[in-house]
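Below is one structure, written out as structure tokens, with a few remarks after it.
Right, dumping it as structure tokens:
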């Protein structure tokens, strides 16, 4: 925690955010050079910092301060003392410069941090309470709270954090407050409620959403996690966040909302295509498969686009549509002789009597790859039926009935038609005797 305090202190001091200096010494403008070797000293001091020789850096910046009277050098010097762990030197320097006054709030803050690092918490607390009464600054409220947290006086720490938060609804303050509530005071519901209230009123920033995700994950609160991830995704369209949302919807088996999210976010079109196929949204599937093909040039997407275009068509005998589908499948098969697309092209050519013999040839190629496929054997039987070879068709369709997929409605309708054909052929055969 001390490291975070040091970092905050460093940022505040050197950005001029937290200090009011009413010292008696005349201040010099930062960009005004005051002695000949100033630039050389600065380079040596910064190099010492870079090498993590903080004591040397502190000494050099102190020399710069004494020669120039520029407060930023003093702050740099004190900062290096804090980082090096020479807290006594930092305290002594603050006392020498301030003379015990509160004119420069930045110096008092540095002294408070040094006292905290020395575990002189009561002295640090006394100074911090005096400081906050004078400055009324958010960061000074949090500094007091840090001391109470170190003393394990969490209820009092919360009061100071609440005062700080009430000033400008600072999300960093709220985040710290939520940790104390959740972890130290075990007021888990209060911690989550505070974060959710802020989220509703001021929006769910990355800090707030991330903290909520941590708490909801610890509580195994799936609804809370989903709600927060969705809000976080609105802030930053991050792929990892999208994956989390998809996983949660999948865990809940809430596929309709998952589809809506995938449509809205465009985060995983390949997965969306699978769901379109699963729920027989063939028109949407055809368009999406075509989009994926245009983007990736993966021929399987072109094949899927053809299949879904056919399946989505209200009029399956539409010649324009049939030709478009056939052309796509021909294009696919020139690149990859997939059994799936061989059978599909063959079946269309058979069923619509475009070229039954050619269709059978495509189906036979598919069967070389998967000889026991009920669907491919059904296509072959249907081809022979279309040629009027009912006995041959009947032998194959009977085999299909015993395979997985043999109870498919289309297979059963084909079986019925082939049975009828066979009976008629048998009757005709008897009638000619």
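In our numbering, the protein residues as written are 210 to 642. C-beta: ideal position from N, C-alpha, C; glycine also.
Shown here, residue 561 sits in coil according to DSSP, grouped into three states, outside any helix or strand. Here the region 386 to 399 makes no contact with the region 432 to 447; the two share fewer than three CB pairs at distances below 8 Å.
Contact annotation: the region 574 to 592 touches the region 537 to 549, with at least three C-beta pairs closer than 8 Å. For residue 382 and residue 268, the gap between their C-alpha atoms comes out near 34 Å. Approximately 7 Å separates the beta-carbon atoms of residue 472 and residue 481; this is inside 8 Å, confirming the contact. Here residue 389 is near residue 367, since their CB atoms are less than 8 Å apart.
For residue 410, the number of other beta carbons within 10 angstroms of its own is below 16, and it is reported as exposed.
Residue 597 is classed as exposed because its beta carbon has fewer than 16 other beta carbons within 10 Å across all chains shown. For residue 277, the enclosing alpha helix (DSSP H) starts and ends at 263 to 277. Residue environment analysis places residue 249 among the exposed positions, since fewer than 16 neighbouring C-beta atoms fall within 10 angstroms of its C-beta.
Residue 377: member of the alpha helix (DSSP H) spanning 363 to 377, first to last residue. Pairing residue 557 with residue 565 gives a Cβ-Cβ distance that is not under 8 Å. When secondary structure is reduced to three states using DSSP, residue 338 falls in the helix class. Within a 10 Å sphere around the beta-carbon of residue 465 sit fewer than 16 other beta-carbons, which makes this residue exposed. Per DSSP, the unbroken alpha helix (DSSP H) holding residue 518 starts and ends at 508 to 521. Our two residues, residue 316 and residue 290, have alpha carbons roughly 13 Å apart in a direct line. Spanning the alpha carbons of residue 330 and residue 320 requires a straight line of approximately 12 Å.
Taken through DSSP and simplified to helix, strand or coil, residue 312 comes out as coil. For residue 444, the CB contacts under 8 Å within the same chain, skipping 5 residues up- and downstream, are 413, 414, 415, 418 in chain order. A residue is called buried once 16 or more other Cβ atoms fall within 10 Å of its Cβ, and residue 420 is buried on that count. Spanning the alpha carbons of residue 260 and residue 340 requires a straight line of approximately 34 Å.
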